[in-house]
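Participant:
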Amino acid sequence: MLNGQLKPAYNVRIAVENYFIVHGYVSNDRTDYHTLIPVLEKHRKTFGNTLEAVTADSGCCSEKNLLYLKENGIRSYIKLQEYEKLQIQCRKEPGPQ
27 MLNGQLKPAY NVRIAVENYF IVHGYVSNDR TDYHTLIPVL EKHRKTFGNT
77 LEAVTADSGC CSEKNLLYLK ENGIRSYIKL QEYEKLQIQC RKEPGPQ
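Counting from 27, one number per residue, gives the positions in the sequence shown under the working numbering.
#1: Could you spell out where the alpha helix (DSSP H) holding Asn91 opens and where it closes?
#2: Along the chain, where does the beta strand (DSSP E) that runs through Arg70 open and close?
#3: How would you label Leu32, buried or exposed, when you count the other beta carbons within 10 angstroms and need 16 or more for buried?
#4: Quick one: using the 10 Å Cβ neighbour count with 16 as the cut-off for buried, is Gly91 buried or exposed?
#5: Could you tell me which residues DSSP pairs with Asn37 in its beta bridges?
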């Protein structure tokens, strides 16, 4: 926290399919990095290998998660953590003269 305090917190994930909540996942992980694979494994255990694509925020963008998705043939729509920085750099670079 900004005032130096440490307080307990939870990380909640909800898996949605066709507007229906199919399952949830709660952990005490401080970051999102470690929550994506357990959610996908829970989905696989419940529904089999039916997962075609995953949409997640940039908090889930880690090499481990992206490699897992690639190895399992799952398309990923996850914003890269460097995306905003790259956009700013692109705007600052001069165009062709």
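Every residue, glycine too, gets a C-beta built ideally from N, C-alpha and C. These numbers were taken from a predicted model, which means no experiment stands behind them.
Facilitator: Let me spell this out:
#1: Segment 89-97, the alpha helix (DSSP H) holding Asn91.
#2: That residue, Arg70, is in no beta strand (DSSP E); its alpha helix (DSSP H) goes 62-73.
#3: Under this definition Leu32 is an exposed residue.
#4: The sequence shown places Asn at residue 91, rather than the Gly named in the question. Burial check for Asn91: the Cβ neighbour count within 10 Å reaches 16 or more, so the residue is buried.
#5: In the DSSP secondary-structure assignment, Asn37 is bridged to Ser53.
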